[in-house]
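Down below is the structure, laid out as structure tokens.
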Amino acid sequence: MPFSVTNSTTTFYNLINDVLYEFLDEFVVVYLDNIVIFSRNMDGHVVHLDKVLRKLREHELFVKKGKC
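The opening residue of the sequence shown carries number 3 in our numbering; numbering runs sequentially from there.
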């Protein structure tokens, strides 16, 4: 998404909120242009990360490995 577009952060925020709605405030928080995944332990984090990445892939959204 080009960030030179007006309201692009808001558009991203709304899109990600819609896509990850079922995980919000359970183990995901969306802040500006960041997706924060939090867990109590490493095993839980791997499961949560897998769920989020699968949901993003379902909606044809991808993350850059270098920014993770």
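For every residue, glycine included, the Cβ atom is placed at its ideal position computed from N, Cα and C. Being a predicted model, the structure only gives us computed values, none of them experimental.
Decide if residue i is buried, meaning its Cβ has at least 16 other Cβ atoms within 10 Å, or exposed.
i	result
LEU26	exposed
VAL38	exposed
LEU34	exposed
VAL49	exposed
PHE29	buried
VAL65	exposed
How long is the line joining the alpha carbons of residue i and residue j, rounded to whole angstroms?
i	j	result
MET44	SER10	33 angstroms
ARG56	GLU24	13 angstroms
GLU60	ARG42	26 angstroms
GLY46	ASP52	10 angstroms
ASP20	LEU58	11 angstroms
THR8	PHE14	11 angstroms
Inside the segment 6-65 only - alpha helix (DSSP H) runs reaching at least 4 residues: Those alpha helix (DSSP H) runs which fall completely within the segment 6-65 and span 4+ residues are 10-21, 44-60.
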